[in-house]
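One structure below.
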Amino acid sequence: MLDYDYDALREIGRIVALARDEMAKAVKPGMTTKQLDEIGQRVLETEGAASAPITMYEFPGYTCISINEVAAHGIPGDLVIEDGDVVNVDVSAVKDGYYADTGRTVIAGTPKSAKHERLVEVSLTSLEAGLSKVKAGVKVNQIGKAIYADARKNGFTVIRNLAGHGLGRTLHGEPETISNYYSREENDILKEGQVIAVETFISTQDEVVYQSEEDGWSLFTLNNSLVSQFEHTVIVTKDGYEVLTGTFR
C-alpha cells in the first residue's frame, strides 16, 4: 500500500459524492447553472472541504457544470437549464490534503429522445466496464479498451482528448491519463493502494473537443454532438477496487 491516509481519502470521497448527488437531484428546467453550483458550494463548505478547481486553477465556479455539447469544464453562470438538456455535474474537492473527483450526468425534465436517455445510460455502463478491469497488476490501457468497446457496441463513440487520471494528494497525478480507448502508451501497471479517477466521456458522434475562445475553459464538440460523463474515484486493490465516491444505481 502507498503512504496515504486512506480514511482521509474516504472522507473526501464521501463529500464530493454527496455534493454530486445533491446537485444532480436538484437539476430542473428553469434554474441557472449558478444556482446549481451554489448547491455544491453549500455542501462542500458545510463538510469542511474546498473546491479543487478553485484551489488549484482559480476556476470561476465551485464545480463544473457542462450541458449538451459542452463535454467538460462548463462555467456556472446565468445560463438557464432547459427541458431536455443533458446536464453534467463534475465535483472535485480537497480536505486535509487529499483530493477526490466525481461526475454524473442527468437529463433535465423530459428527455428529447430515447437516444439521449440511452447516451446517459451507456456512459454509465461504459464506466462500469472500465472499472471491471481495475485491479493491481493490470495495465492502465485495459480500462480504456473496455470503455471504448462498450460505447461502440451500443452505437456511441468516445471523446479522445479527455481522460481519467491519478489523484490523491493532488487532483491530477500518476497516471496522467486514463483514456476512453486503448492507448499503447498507457502501459503503466496499476499498483495496490493507488488512487485513480476513472471517467467516461461518451459522445453521440464527435471524438474531439475544443476549448472555448470565449471563456477559455469550456470544452465543446464542434458538430454539437452531445456528451455524457460519469466518474468515480477508486482505490486499486489486490483483487479489484474500492469506490470512494458513492453509487450511481
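Take the sequence shown: its letter number 65 is residue 65 in full-length UniProt numbering, and every next letter is one higher.
Just so it is clear, CB atoms sit at the ideal spot from N, CA and C, and this is done for glycine as well.
Out of Leu-79, Arg-10, Glu-199 and Phe-156, the CA that lies nearest to the CA of Ser-132 is found in Glu-199. Between Ile-235 and the set Gln-41, Asn-141, Ala-24 and Tyr-99, the nearest pair of CA atoms involves Tyr-99.
In terms of Cα proximity to Leu-171, the closest of Gly-193, Ala-197, Tyr-181 and Ala-146 is Ala-197. Beta-bridge pairing by DSSP links Gln-211 to Leu-219. For Gly-130, the closest C-alpha among the options Ala-114, Val-158 and Lys-112 is that of Val-158. Gln-229 and Thr-33 do not touch by the CB rule: their CB atoms are close to 15 Å apart, not below 8 Å. In the three-state reduction of the DSSP assignment, Ser-66 falls in the strand class, which pools E and B.
With 16 or more neighbouring CB atoms inside 10 Å of its own CB, Pro-76 falls in the buried class. The bridge partners DSSP lists for Ile-189 are Lys-139. In the DSSP assignment, Val-134 falls outside any alpha helix (DSSP H) and carries neither an H nor an E. By the C-beta density criterion, Arg-249 is exposed, having fewer than 16 other C-beta atoms within 10 angstroms. When the beta-carbon positions are compared, Ala-136 and Lys-238 come within less than 7 Å of each other. Per the coordinates, the alpha-carbon of Arg-152 lies some 19 Å from the alpha-carbon of Arg-184. Annotation: Thr-110 is outside any alpha helix (DSSP H) and is labelled neither H nor E by DSSP.
Taking a contact as a CB-CB distance under 8 Å, the pair Tyr-4 and Gly-168 counts as one, their CB atoms being some 6 Å apart. The C-beta distance from Thr-221 to Glu-69 rounds to 5 Å, short enough to meet the 8 Å contact threshold. By the 16-neighbour rule on beta-carbons within 10 angstroms, Glu-186 is buried. If you ignore the 5 residues before and after Met-23, its C-beta comes within less than 6 Å of the C-beta of Leu-36, Ile-39, Gly-40 and Val-89, all in its own chain and listed in chain order. A direct Cα-Cα distance of roughly 32 Å separates Gly-61 from Ala-114.
Contact annotation: Gly-246 and Ala-17 have beta-carbon atoms nearer than 7 Å.
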